[in-house]
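Protein chains in written order, with the working numbering: chain A, 1 to 303; chain B, 1 to 465. No residue lacks a Cβ here, since even glycine has one placed at the ideal position from N, Cα and C. In what follows, a single structure is set out as structure tokens and then discussed.
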Amino acid sequence: MSDNKNSIYSKSVVFTVVVAVAVIIGSVITAFVPLAMKDMHPKLDNLKPYTALQLAGRDLYQKEGCFNCHTQTVRPLKADVLRYGEYSKAGENYYEHPFLWGSKRTGPDLARIGGKYSDQWHIDHFNNPQAFYPLSNMPKYDWLASKPIDIEQTKRGMDVLGFPYTQEDIEALKSRTQLDAMVAYMQVVGSAVERKNYVAVLPEDYENAQNPFKDDAASAEKGRVLYEANCFFCHGVNGEGTNIASGITDLVDEYTSDGQIFVDVANGLPGMMPEHINIMTKNDIWDLVSYCRMLAAKQQASN
Amino acid sequence: MKELSGDSKIVLGYFYSGLVWGVIGLLIGLLISVQMWDAAFNFGEYFSFGRLRIVHTNVLAYGLGLFTIMGLFYYIVIRLTKRPLLFPKLAVITMWIYNIVVLAGMITLFMGLNQSLEYAEFEWPVDLGVVVVWVLFSVNILGTIITRKEKQMYVSLWYIIATIVAIALLYIVNNLSLIATLGKSYHLFAGLNSANVEWWYGHNIVGFLFTMPILAMFYYFLPKSTGLPIYSHRLSIISFWSLIFVYMWTGAHHLVYTPLPDWLQTLGIVFTMILIAPSWGSVVNGYMTVEPDWSRLRTHYLTKFFIAGITFYGLQTLQGPSQGIRAVSALVHYTDWVPGHVHMGTMGWVVLTITAAMYYVVSKIYKVDIFSVKLANTHFWLVLVGQVMFSITMWITGIRQGLMWKSLNADGTLLYTFMDGLVGNYPYWQLRTVSGAIFIVGMLVFLYNFIMTIVKGERALASNR
Ligand code: HEM
Ligand code: HEM
């Protein structure tokens, strides 16, 4: 014990006040002062408030705890932008109550998910993620399709957040399901920043390009392995197509050049097919071209 | 002695509550650990990972953690102030209200009503309940301290006072929200401020729930259970003030490489580095206390709980600051490394210290030896092995995953798809489930030993009547 009997350690009220001051100083400087700073609340020019349907989706994203597995911030690090796209900007967060950046990436980052896939892709994926990636640990969200949106809550939410809406917007929610709302939210996340691929091939360079592995069975076999991990859920196990995308057999014919297939698979088709050149080497993509040709040829032969 | 004093019964009531919540929280922890390697273990909306992970963290922090902490605070305070609790009836009422609050919190989290702010997930009506409980609790504890019979306040009381003040501040500010309906609110702050306030809260709620109260116990029970006085009072003073002052500046280390302005990130990181010193002040104080006679690790069975606990705290407070460094964060942030860090703190430091303190308290209030020292040792080793296995597997797979995320091909494209990285976690996640099971068995041994000690104590009381 302190020798001084009149020290602060024998005056409990004074002690409590000093403790309060000690913890408040850092709080004020690091957490409260920033509340009043302009650079803490910037807004991108083309950022829009959420619509009623999108807000209903965002509420569901919170309700289902998606943020426990998914982050929504792309860090300004090479590997992050390569995998997910443009790094996150401060001005994208103007309307975020609360922020949903997350702290754990059990699943991929979703900051740039808006516009990456078609609505149909999301619908099928929410119903059964394992149909896309058999080993995915994302839970099935198959109950969303049969549940109505909580209209009263959404309306109150729009009110307290000060987002503009019309009575028709609210009426329109009656015919939509929770799944529609979730998909609408997914498609708007990150869309205030222009979608661009960090790496891309130049179409001009491949106009007359020939597949260096043309008619090479080993290449087609490597392509099959890649196809079964990355492509089958959109184009079908045997390239026959799904409700998300046409079959390879329909897409690839004698009028499509190797170069064109290469460029489209590499760079992706906005809103339909994601880019692949960020996660594959050029040779990998040529192997896929080989495999697509093989699928098409098989189909022709069986006709 | 014919019957337990009212105050002792109160302490036990809080222990029982904490243990019930603890069992629920741990079993859910085990379930989510399985869901992470096999999605088939998600059972409909109420039992899907996204909702359960929040139930796990909140039921353990606010159920197991806070209940046992409150119980132990009552115990420590009445002894250090040399007087009974100021409002014993209020303590009983507080206990029942808090049980209802935690129950309501758990049910609403199952229903998906959450604020999506880590460790502040309870929706606003539950928050109000927590605030009421905290006010009642504070009135009782501070009131008892103010009217104390012992003039000097011992170190543990400082930490208790700091806990009470800081949690009130943190909890109220971060839970300010725009209320839409009874079950839905939106954080008052937007975007960067929402993130900044949340992690100011998040880091410090962990600090003032899982560090300060545990240090309060450590400073009280280590000398009690070893019979050795704390090594240096001066060191206690310096570490206390610097710890509570510095802690509050560091929240931004959770937001490294996010859009938060650089100056805030850097300020947070600098203070994070400084935090090593006050943390290790207590670690050194703990070791030096036992230094005169290390053989007490063998002869006094509780000593090893506290020394292992403070060792994990020491490791935790070296690992934590290193995670704040930008280069390290770039690799381990968002990976399983962080749950590895988290559980060394919670399962190692927090649980070992609390359970040891509980053994001490039951045997003290019933004036009997604990039911079985052998079982206490079994409990110790099972919990230790489970925890160490848990953390090590998570560190390995965290680094593995961090490296896979950033590995590039020679042409500058990414070497691995996201699924490659995910599937590589599965063997480690399965080992984590095994570790969790070992840990739970250890906790069940504790529970049995604890209850049997009470049975023994009650028998002793009955035979005295
Ligand atoms: C049987 C023992 C336990 C098991 C199997 C277990 C399992 C888990 C799992 C699987 C997660 C999710 C990790 C992730 O999303 O990657 C988690 C998170 C968490 N657990 Fe536990 N847990 C156990 C014990 C505890 C205890 C005793 C506490 C606290 C008192 C605790 C506190 C937490 C916290 C705070 C998190 C959030 C971590 C973060 O955000 O990084 N857990 N736990
Ligand atoms: C000097 C002391 C400590 C420092 C500087 C520190 C630092 C950190 C940092 C930087 C992170 C973020 C990691 C990331 O996401 O990249 C973190 C996470 C965490 N730490 Fe510590 N740590 C310390 C001690 C502790 C202790 C004693 C506990 C007690 C249980 C603890 C519990 C946690 C929890 C629960 C998280 C997870 C937060 C989340 O993402 O949900 N830490 N810590």
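Do the CB positions of Ser279 of chain B and Gly340 of chain B come within less than 8 Å of each other?
The sequence position of residue 279 of chain B within the second sequence is 279, counting from 1. The sequence position of residue 340 of chain B within the second sequence is 340, counting from 1. No; because the gap between Cβ atoms is not below 8 Å, this pair is not in contact.
Quick check: the Cα distance between Thr94 of chain B and Phe87 of chain B, rounded to an integer number of angstroms?
Here residue 94 of chain B corresponds to residue number 94 of the second sequence, with the count starting at 1. Here residue 87 of chain B corresponds to residue number 87 of the second sequence, with the count starting at 1. Taking the straight line joining both Cα atoms gives about 11 Å.
Strictly under 8 Å for the Cβ-Cβ distance: is Gln120 of chain A near chain B by that measure?
Within the first sequence, the letter at position 120 stands for residue 120 of chain A. No - not a single Cβ of chain B is within 8 Å of the one on Gln120 of chain A.
Would you tell me roughly how many angstroms separate the C-alpha atoms of Ile244 of chain B and Ala22 of chain A, rounded to the nearest one?
Numbered from 1 along the second sequence, position 244 holds the residue referred to as residue 244 of chain B. Numbered from 1 along the first sequence, position 22 holds the residue referred to as residue 22 of chain A. Roughly 7 Å between the two C-alpha positions.
In terms of residue numbering, what span does the beta strand (DSSP E) encompassing Lys364 of chain B cover?
To locate residue 364 of chain B, count along the second sequence from 1; it is residue 364. Where Lys364 of chain B is concerned, there is no enclosing beta strand (DSSP E), although the alpha helix (DSSP H) it sits in stretches over Val351 to Tyr366.
On the DSSP bridge assignment, give the partners of Pro139 of chain A in chain order.
Reading the first sequence from its first residue, position 139 is the one you call residue 139 of chain A. Answer by DSSP bridge pairing: none, since Pro139 of chain A is not bridged.
So for Met273 of chain A, helix, strand or coil by DSSP?
Taking the first residue of the first sequence as position 1, residue 273 of chain A is located at position 273. The answer is strand: DSSP assigns Met273 of chain A an E or B state.
Are the beta-carbon atoms belonging to Met182 of chain A and Ala52 of chain A less than 8 Å from one another?
Position 182 of the first sequence holds residue 182 of chain A. Position 52 of the first sequence holds residue 52 of chain A. No. Outside cutoff.
Heavy atom of ligand 1 less than 7 Å from the Cβ of Met217 of chain B, yes or no?
Within the second sequence, residue 217 of chain B is the residue found at index 217, counting from 1. Met217 of chain B Cβ: outside cutoff for every heavy atom of ligand 1.
With DSSP as the reference, please indicate the residues paired to His187 of chain B in a beta bridge.
On the second sequence, residue 187 of chain B is found 187 positions in, with the first residue counted as 1. Answer by DSSP bridge pairing, in chain order: B:Ser177.
Contiguous alpha helix (DSSP H) assignments of at least 4 residues, all confined to the stretch 103-168 of chain B
124-146
In chain order, what residues of the same chain lie with their CB nearer than 7 Å to the CB of Leu447 of chain B, ignoring the 5 residues before and after it?
Position 447 of the second sequence holds residue 447 of chain B. Closer than 7 Å at the Cβ level, and outside the excluded window around Leu447 of chain B, lie Leu19.
Would you say Met106 of chain B lies against chain A (beta-carbon separation less than 8 Å)?
Here residue 106 of chain B corresponds to residue number 106 of the second sequence, with the count starting at 1. So no, Met106 of chain B is outside the interface.
Cross-chain neighbours of Asn196 of chain B in chain A, by beta carbon under 8 Å:
Position 196 of the second sequence holds residue 196 of chain B. Near Asn196 of chain B (Cβ distances below 8 Å), the residues of chain A are Thr30, Ala31, Pro34 and Met40.
In this structure, how does DSSP classify Phe47 of chain B when only helix, strand and coil are distinguished?
The sequence position of residue 47 of chain B within the second sequence is 47, counting from 1. Reduced to three states, the DSSP call for Phe47 of chain B is strand.
Helix, strand or coil: how does DSSP classify Met1 of chain A here?
Counting from 1 along the first sequence, the entry for residue 1 of chain A is found at position 1. The pLDDT assigned to Met1 of chain A is 44, lower than 50, so where the model puts this residue is not dependable; a value taken from the coordinates is nonetheless given after this. Of the three classes helix, strand and coil, the one that applies to Met1 of chain A here is coil, per DSSP.
Residues sharing a beta bridge with Thr177 of chain A, DSSP
Within the first sequence, numbered from 1, the residue matching residue 177 of chain A stands at position 177. Looking at the DSSP assignment, Thr177 of chain A forms a beta bridge with A:Pro148.
Proximity test, Gln387 of chain B beta-carbon vs ligand 2 heavy atom, cut-off 7 Å:
Stepping through the second sequence from its first residue, residue 387 of chain B is reached at position 387. Gln387 of chain B: no, Cβ never under 7 Å from ligand 2.
Touching by the beta-carbon criterion (3+ pairs, under 8 Å), the stretch 202-213 of chain B and the stretch 175-182 of chain B
no
Let me make sure I understand the geometry here. Which of A:Ser257, A:Asp258, A:His235 and A:Ile170 has the alpha-carbon closest to that of Gly314 of chain A?
Because chain A in this structure spans residues 1 to 303, residue 314 of chain A falls outside the shown range and cannot be described.
Is any heavy atom in ligand 1 found nearer than 7 Å to the beta carbon of Ala61 of chain B?
Within the second sequence, residue 61 of chain B is the residue found at index 61, counting from 1. Within the cutoff, so yes.
Quick check: is any heavy atom of ligand 1 less than 7 Å from the C-beta of Gly436 of chain B?
Position 436 of the second sequence holds residue 436 of chain B. Correct: Gly436 of chain B has its Cβ closer than 7 Å to ligand 1.
I'd like the span of the alpha helix (DSSP H) that includes Pro213 of chain B, first residue to last.
For the purposes of this step, residue 213 of chain B is taken as the residue at position 213 of the second sequence. Where Pro213 of chain B is concerned, the enclosing alpha helix (DSSP H) stretches over Met212 to Thr226.
According to DSSP, Tyr334 of chain B sits in a beta bridge with which residue or residues?
Here the question's residue 334 of chain B lines up with position 334 in the second sequence. In DSSP, Tyr334 of chain B forms a bridge with A:Lys104.
Simplified DSSP state of Leu414 of chain B, which is helix, strand or coil
Locating residue 414 of chain B in the second sequence gives position 414, where the first residue counts as 1. The answer is strand: DSSP assigns Leu414 of chain B an E or B state.
For Leu408 of chain B, which three-state DSSP category applies?
The residue labelled residue 408 of chain B in the question sits at position 408 within the second sequence. Note: Leu408 of chain B maps to strand in three-state DSSP.
State yes or no: is the C-beta of Leu414 of chain B within less than 8 Å of the C-beta of Ala79 of chain A?
Residue numbering aside, residue 414 of chain B sits at position 414 when the second sequence is read from its first letter. Residue numbering aside, residue 79 of chain A sits at position 79 when the first sequence is read from its first letter. Going by C-beta atoms, Leu414 of chain B is nearer than 8 Å to Ala79 of chain A.
Please confirm whether any heavy atom of ligand 2 lies closer than 7 Å to the CB of Leu275 of chain B.
What you label residue 275 of chain B is simply residue 275 of the second sequence in a count that begins at 1. The answer is yes for Leu275 of chain B.
Pro213 of chain B: beta carbon under 7 Å from a heavy atom of ligand 3?
Judged by which ligands are present, ligand 3 is missing from the structure shown, whose ligands are ligand 1 and ligand 2.
Check whether the Cβ atoms of Gly63 of chain B and Val102 of chain B lie closer than 8 Å to each other.
One-based indexing of the second sequence puts residue 63 of chain B at position 63. One-based indexing of the second sequence puts residue 102 of chain B at position 102. Taking 8 Å as the Cβ cut-off, Gly63 of chain B and Val102 of chain B qualify as a contacting pair.
Assuming the contact rule is C-beta atoms closer than 8 Å, Val319 of chain A and Tyr87 of chain A should be a hit. Round their C-beta distance to whole Å, please.
A query on residue 319 of chain A cannot be resolved here, the shown segment of chain A reaching from 1 to 303 and no further.
Answer yes or no: do Pro129 of chain A and Lys140 of chain A have a C-beta to C-beta separation smaller than 8 Å?
As a first step, residue 129 of chain A is located in the first sequence; it is residue number 129 there, counting from the start. As a first step, residue 140 of chain A is located in the first sequence; it is residue number 140 there, counting from the start. Contact flag set, yes.
Suppose you measure from the CA of Lys364 of chain B to the CA of Leu85 of chain B; what does that come to, to the nearest Å?
In the second sequence, the residue the question calls residue 364 of chain B occupies position 364. In the second sequence, the residue the question calls residue 85 of chain B occupies position 85. Between Lys364 of chain B and Leu85 of chain B, the C-alpha separation is close to 17 Å.
For the 8 Å Cβ check, are there 3 or more pairs between the stretch 97-107 of chain A and the stretch 57-73 of chain A?
yes
Residue of B:Ala357, B:Gln319 and B:Thr299 minimising C-alpha distance to Leu215 of chain B
Start at 1 with the first residue of the second sequence, and residue 215 of chain B comes out as number 215. Cα-wise, what sits closest to Leu215 of chain B is B:Ala357.
Glu152 of chain A versus chain B: which residues are under 8 Å apart at the beta carbon?
Position 152 of the first sequence, counting from 1, holds the residue named residue 152 of chain A. What Glu152 of chain A touches in chain B: Thr181.
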